[in-house]
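Numbering (the numbering used here), first residue to last: 18 to 104. Idealized CB from N, CA, C, for every residue including glycine. All values derive from a computational prediction rather than experimental measurement. Down below is the structure, laid out as structure tokens.
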Amino acid sequence: MNKRKGNRQVCGNHRGISLLKIAGKIFARILLTRLSGHIEQGLLPESQCGFRQHRGTTDMIFAALQLREKCQEMRTHLYTTFEDLTR
């Protein structure tokens, strides 16, 4: 692709085009389509909301708050760990 500067005949005045993001999105969509049916048939526990339709972080925050309140009522300790597995 031409940078719109300089002579179009010089290779250094061009930049490459990468389709890696598009290929990654297509691959992710194929995986999601193939795995979603298996996941909804009980492969994952109900507490797992990542990569599932109609579930999100707000659902997990609500569940964590409910668990915290229950532990406070029972006067027991609650230890939690949160991990972010993105770059």
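With DSSP as the reference, label residue i as helix, strand or coil.
i          : result
residue 55 : helix
residue 50 : helix
Hey, out of the options, whose CA is closest to residue i's CA?
i          : options           : result
residue 72 : 24, 57, 94 and 82 : 57
residue 69 : 51, 85, 83 and 86 : 51
residue 99 : 87, 81 and 93     : 81
residue 64 : 79, 39 and 55     : 79
How close, in whole Å, do the beta carbons of residue i and residue j come, if the pair is a contact with beta carbons under 8 Å?
i          : j          : result
residue 30 : residue 23 : 4 Å
residue 84 : residue 95 : 7 Å
residue 77 : residue 66 : 5 Å
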